[in-house]
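A quick write-up on the structure given underneath.
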Amino acid sequence: MRDLLSVDDLDRAAIEDLLDLGDDFVEVLGRDVPKVPALRGKTIGLMFYEPSTRTRLSFDRAAKALSADVLTFTVGGSSVSKGESLKDTALTLKAMGPHLMVVRHRATGAPWRVRDWTALPVVNAGDGAHQHPTQALLDLLTLRRHFGKVDGLRVAIVGDIRHSRVARSLAGSLQTMGSSVTLVAPSTLLPIHVESWEVDTAGGIDQVLGEVDVVYLLRIQTERGGGEVFPSVAEYVSRFGLTRRRADLLPADSVVMHPGPMNRGVEIDPQVADGPRALVTHQVSNGIAVRMAVLFRLLTSEVPE
Amino acid sequence: MHRIPRSCLGGLVPQVMTADDLDRAIRRISHEIVERHHGTEGIVLVGIHSRGVPLAEQIAGAIESFEAVKVPVGELDIGLYRDDLASRPTTRLGRTLIPVDLSGETVVLVDDVLYTGRTIRSALDAVLDLGRPKRVELAVMCDRGHRELPIRPDYVGKNLPTSEDQKVKVRIKGIDEEAGVWISDGDGSDA
Amino acid sequence: MRYLITGGSVLTESGPEDVDVEFVDGSVTRLEAGIQPDEHQVIDATDSWVGPGFFDLHTHLREPGQEWKEDIASGMAAAIAGGFTSVVAMPNTDPVIDAGHLARQITRHEPIRVIPSGAVTLGQEGTQLAHLDDLWAAGVRLFTDDGYTVADAGLLRRAMEYVAQLGGLVAQHAEDPGLCRNGHMHEGSVSSRLGITGLPAAGEEVIIARDLKLVELTGCRYHIQHASTAATVELIRSAKHAGLPVTAEVTPHHLMLDHREVESMDPVYKMYPPLRTPDDVDALRAALVDGTIDAVGTDHAPHAAFEKDVTFEEAPRGIVGLETAASIVRAAVELDQTSFFERMAIAPGGVLGEAAGPIVVGSSDLVVFDPEAEWTFDRPRSKSANSPWLNQRLKGTVTQVFTRSGLVSTDEEGES
Chain A
39 MRDLLSVDDL DRAAIEDLLD LGDDFVEVLG RDVPKVPALR GKTIGLMFYE PSTRTRLSFD
99 RAAKALSADV LTFTVGGSSV SKGESLKDTA LTLKAMGPHL MVVRHRATGA PWRVRDWTAL
159 PVVNAGDGAH QHPTQALLDL LTLRRHFGKV DGLRVAIVGD IRHSRVARSL AGSLQTMGSS
219 VTLVAPSTLL PIHVESWEVD TAGGIDQVLG EVDVVYLLRI QTERGGGEVF PSVAEYVSRF
279 GLTRRRADLL PADSVVMHPG PMNRGVEIDP QVADGPRALV THQVSNGIAV RMAVLFRLLT
339 SEVPE
Chain B
122 MHRIPRSCLG GLVPQVMTAD DLDRAIRRIS HEIVERHHGT EGIVLVGIHS RGVPLAEQIA
182 GAIESFEAVK VPVGELDIGL YRDDLASRPT TRLGRTLIPV DLSGETVVLV DDVLYTGRTI
242 RSALDAVLDL GRPKRVELAV MCDRGHRELP IRPDYVGKNL PTSEDQKVKV RIKGIDEEAG
302 VWISDGDGSD A
Chain C
95 MRYLITGGSV LTESGPEDVD VEFVDGSVTR LEAGIQPDEH QVIDATDSWV GPGFFDLHTH
155 LREPGQEWKE DIASGMAAAI AGGFTSVVAM PNTDPVIDAG HLARQITRHE PIRVIPSGAV
215 TLGQEGTQLA HLDDLWAAGV RLFTDDGYTV ADAGLLRRAM EYVAQLGGLV AQHAEDPGLC
275 RNGHMHEGSV SSRLGITGLP AAGEEVIIAR DLKLVELTGC RYHIQHASTA ATVELIRSAK
335 HAGLPVTAEV TPHHLMLDHR EVESMDPVYK MYPPLRTPDD VDALRAALVD GTIDAVGTDH
395 APHAAFEKDV TFEEAPRGIV GLETAASIVR AAVELDQTSF FERMAIAPGG VLGEAAGPIV
455 VGSSDLVVFD PEAEWTFDRP RSKSANSPWL NQRLKGTVTQ VFTRSGLVST DEEGES
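Residue numbers (the numbering used here), protein chains in the order written: chain A, 39 to 343; chain B, 122 to 312; chain C, 95 to 510.
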């Protein structure tokens with residue numbers, strides 16, 4: 039493995055390998071000195087073209103826990119178009135000597151472009167509404183640590199799936215792992231040509247509550263809620279919000295996940311978000327471990343493909 | 122008892138220690154450890170994956186048999202501390218499990234073969250990241266020489282003069298079919 | 095200079111004939127078998143097709159305003175390399191060609207013809223009519239806001255009424271702004287997987303369906319630019335059946351490529367209209383063969399390398415097309431010599447009311463095209479090289495181009 043760009047590049051064995059390593063790194067992160075010298079002397083470039091504090095911090099923490107050095111380049115969302123081109127920035131950063139690039143960009147395919155320009159290994163930290171493979175891996179790790187397996191789990195992904203790289207990565211990797219996926223959203227937020235996804239869909243969260251192991255909620259952009267893609271936030275909540283009443287109807291051992299940041303009171307009730315079913319904080323800590331696994335695997339692989 | 126297991130070791134290879142030799146060496150090392158420290162107080166045995174772990178357990182078992190004290194045994198995977206990760210990728214990391222707080226204790230690292238010393242260097246780093254022991258010692262079943270770092274063992278089962286292109290194979294009761302130590306001609310790496 | 099083209103299959107008024115062509119002082123002087131060389135430069139056109147120079151209804155020359163992408167001189171060089179002797183320059187330059195003096199500025203007669211088109215609306219802003227009379231007086235016959243759609247039906251109706259009275263035609267780049275907002279590629283299974291906002295086929299079709307009603311209402315001649323969907327083909331077919339004054343063009347790339355190319359996320363495959371589905375490609379090919387689509391229009395859209403060396407969504411739209419058009423059309427559809435020149439030269443000229451036709455004594459624009467010879471597109475004459483066929487081996491080679499200026503191009507490499 040040379041790059042991690044899309045979950046489509048990972049077969050089941052490759053995912054299992056990264057989750058196994060992720061488990062090992064969960065143990066490392068629990069040590070008195072939660073730091074190992076595995077990537078000492080390596081430098082990791084972080085190119086973040088979107089405001090994304092949590093993902094950037096998670097990669098930063100993962101790199102440092104492996105004793106790698108970090109070069110960070112961040113741009114606020116609005117000033118991107120005024121700055122130099124992505125290519126020039128990538129080549130500038132490359133000249134500073136990183137061994138691997140982590141790329142987050144609002145446009146689909148940006149990490150592939152950076153790989154082609156720099157010839158460095160690249161980790162996709164989120165491109166457009168396309169892919170976010172480390173998010174999918176951390177969710178799979180969280181599920182596997184909780185349930186002991188991923189195979190056979192029934193997962194409902196609820197929210198703005200059409201514009202979500204999290205949903206694309208997660209749905210694809212869950213299918214690879216043998217889980218069943220149901221997409222739950224108003225039609226305007228389901229993917230175009232959803233039939234090509236080969237998943238079930240539902241037009242209301244009530245339809246899936248009784249028969250899921252995992253409810254995975256996506257952030258609803260309330261700024262999008264001004265009548266463009268659904269009539270109002272209140273109407274969205276009435277059909278798709280995970281309220282307390284609805285959470286009570288979930289099977290006893292089911293869990294609730296969210297990639298963050300959460301809109302409490304919109305897609306998720308505040309008490310459900312903080313309740314015993316919620317695995318949200320596990321997702322965050324497992325995110326560091328799984329990113330350590332990815333960085334470790336990519337930077338200690340013997341033969342570039 | 123001295124049958125040479127060609128099938129698993131591939132070729133005619135001289136056996137230099139039998140299973141009984143191994144047991145005797147383990148008992149001797151156990152006595153030396155207890156003797157040097159006037160007892161078992163504060164001693165933690167830490168086996169290095171993979172064959173150091175059963176060796177450490179066997180040493181602990183021997184100590185228990187004559188001292189009636191169960192010395193704590195930990196296991197250590199040094200995969201993340203190796204200095205050759207780029208050229209020898211790890212497939213799966215082993216478990217690192219230290220059952221007690223190492224601070225102020227005497228750690229005895231246990232491994233099967235001492236060769237260049239690089240594994241022990243990694244293990245020292247790993248142990249020091251896990252706590253602050255008062256002292257760290259080293260017990261190995263075979264010392265085959267060719268050190269590349271200033272590291273020496275405190276307890277040795279057998280000194281084995283070898284050339285660099287030979288291989289030393291240690292097989293341990295509990296995880297291998299037949300216990301013993303063999304030397305074979307090979308590419309120099311121990312297996 | 096006196097030229098004698100021998101051994102080729104010449105498209106004459108009675109179809110392809112094995113005759114020799116004498117070309118002296120900018121026009122054909124004799125057209126008969128067995129002309130004896132007499133101080134002629136002899137051009138051996140054995141195995142080649144000889145016919146009227148290609149005519150492109152849809153070229154972006156970028157001058158004035160974006161000369162780093164292309165200028166009129168480099169655009170003409172690219173056109174000649176592709177066998178084109180006339181090109182219609184699109185008005186989306188900077189400034190927009192929305193008045194007569196601007197149209198005159200880009201008009202050329204030699205070595206090939208550059209025919210200006212004019213904007214329908216001032217500055218292509220879609221709010222007020224451009225200086226249509228002034229443009230007409232400067233020789234503009236085709237009016238279009240290409241690059242944008244005239245979205246306001248009332249405004250388009252008035253433009254059509256006005257242009258109809260002048261005797262010109264309105265051409266539409268059909269892309270409904272509401273349906274296509276933020277779109278970057280064909281809306282379908284590929285866009286769904288890539289998470290890229292799509293341009294639905296309906297975004298093109300609703301505009302054309304609406305415009306055809308306006309054609310009925312106004313009687314204005316109407317030309318559909320770069321048709322890209324199967325349903326568009328059906329709309330054209332039924333409009334023609336109903337006797338409406340409608341013509342249509344298709345680009346070489348829409349005949350050859352489909353949206354699966356975008357899976358590579360390579361910006362070279364970004365163009366508007368976007369690459370559609372394989373079914374659309376099949377429908378377009380059939381329509382060009384049966385004449386439902388009248389003409390090939392290249393939509394030659396040069397962009398500098400640095401502009402395309404970005405992400406797909408950030409990339410500008412379009413590919414260069416003049417130099418490869420004949421080869422790609424040849425590869426995409428099975429056309430005999432007569433049909434090939436009909437779609438590449440005669441029909442497009444006819445859309446503009448030009449007397450483009452087979453080779454006769456007096457013809458000036460002439461191309462020699464070897465339909466079997468291979469060549470490599472590795473030295474673009476255009477300033478830009480944004481083509482999926484760059485450095486690829488292509489079949490169908492333009493070997494000579496003649497215009498009123500004489501022999502304007504010779505394939506120096508020969509048939510390699």
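Note that CB positions come from ideal geometry on N, CA and C, so glycine has one too.
Short CB-CB distance (under 8 Å) between residue i and chain A
i, result
"arginine 239(B)", "no"
"glycine 252(B)", "yes"
"leucine 176(B)", "no"
"threonine 371(C)", "no"
"valine 404(C)", "yes"
"leucine 105(C)", "no"
"glycine 292(C)", "yes"
Interface flag, residue i vs chain C, CB-CB below 8 Å
i, result
"serine 116(A)", "Here serine 116(A) scores only 44 on pLDDT, less than 50, and its place in the model is too uncertain to base an answer on."
"histidine 137(A)", "no"
"leucine 345(A)", "Because chain A is modelled from 39 through 343, residue 345(A) falls outside the range shown and cannot be assessed."
Whether residue i touches residue j by CB criterion (8 Å)
i, j, result
"valine 250(A)", "methionine 215(A)", "no"
"leucine 67(A)", "alanine 103(A)", "yes"
"glutamine 173(A)", "proline 297(A)", "yes"
"glutamine 259(C)", "aspartate 239(C)", "no"
"threonine 153(C)", "histidine 394(C)", "yes"
"arginine 335(A)", "methionine 39(A)", "yes"
"lysine 301(A)", "threonine 260(A)", "Residue identity differs from the one stated: residue 301(A) is asparagine in this sequence, not lysine. Yes, they are a contact pair."
"proline 75(A)", "tyrosine 236(B)", "no"
"arginine 216(B)", "glycine 238(B)", "no"
"isoleucine 258(A)", "proline 229(A)", "no"
"proline 131(C)", "leucine 98(C)", "yes"
8 Å Cβ cutoff, residue i in contact with chain B
i, result
"valine 222(A)", "no"
"valine 322(A)", "no"
"isoleucine 53(A)", "no"
"alanine 157(A)", "no"
"threonine 110(A)", "no"
"glutamate 65(A)", "yes"
"leucine 179(A)", "no"
Nearest candidate by alpha-carbon position, reference residue i, set the options
i, options, result
"glycine 242(A)", "Trp235(A), Glu233(A), Leu227(A) and Ser234(A)", "Leu227(A)"
"isoleucine 147(B)", "Glu178(B), Val228(B) and Val134(B)", "Glu178(B)"
"isoleucine 302(C)", "Ala265(C), Thr291(C) and Arg287(C)", "Ala265(C)"
"histidine 320(C)", "His195(C), Val455(C) and Asp374(C)", "Asp374(C)"
"tryptophan 143(C)", "Leu105(C), Ser322(C) and Val214(C)", "Leu105(C)"
"aspartate 275(B)", "Glu156(B), Leu143(B) and Ala140(B)", "Glu156(B)"
"tryptophan 303(B)", "Gln287(B), Ile164(B) and Gly295(B)", "Gln287(B)"
"leucine 251(B)", "Pro72(A), Leu57(A) and Glu122(A)", "Pro72(A)"
"aspartate 403(C)", "Ala380(C), Asp360(C), Met365(C) and Ala439(C)", "Asp360(C)"
"leucine 179(A)", "Thr319(A), Leu337(A) and Arg69(A)", "Thr319(A)"
Beta bridge counterpart(s) of residue i as assigned by DSSP
i, result
"glycine 301(B)", "Arg292(B)"
"phenylalanine 111(A)", "Met85(A)"
"phenylalanine 237(C)", "Gly212(C) and Val264(C)"
"arginine 207(C)", "Ser180(C)"
Contact set between residue i and chain B, taken where Cβ atoms lie within less than 8 Å
i, result
"lysine 73(A)", "Asp250"
Proximal chain A residues relative to residue i, where beta-carbon distance stays under 7 Å
i, result
"serine 285(C)", "Ile230"
"methionine 359(C)", "Thr146, Gly147 and Trp150"
"leucine 288(C)", "Thr146 and His168"
Chain-ordered neighbours of residue i on chain B, where CB pairs are closer than 9 Å
i, result
"aspartate 62(A)", "Asp198, Gly200, Leu201, Arg213, Leu214, Gly215, Arg216 and Thr217"
is_contact[residue i, chain F] using C-beta, thresh 8 Å
i, result
"aspartate 246(B)", "Of the chains in the structure shown, none is chain F; the protein chains are A, B and C."
Interface partners of residue i on chain C, CB under 7 Å
i, result
"glycine 313(A)", "Ordered by position in chain C, no residue passes the 7 Å Cβ test against glycine 313(A), which lies about 31 Å from the chain."
Near the ligand GTP: residue i beta-carbon under 7 Å from a heavy atom
i, result
"leucine 155(C)", "Summarising the ligand content, the structure contains no ligands, and the ligand GTP is consequently not present."
Neighbour list for residue i in chain C, Cβ cutoff strictly below 9 Å
i, result
"arginine 257(A)", "Residues of chain C passing the Cβ test: none, with the nearest at roughly 16 Å."
"histidine 143(A)", "Thr405"
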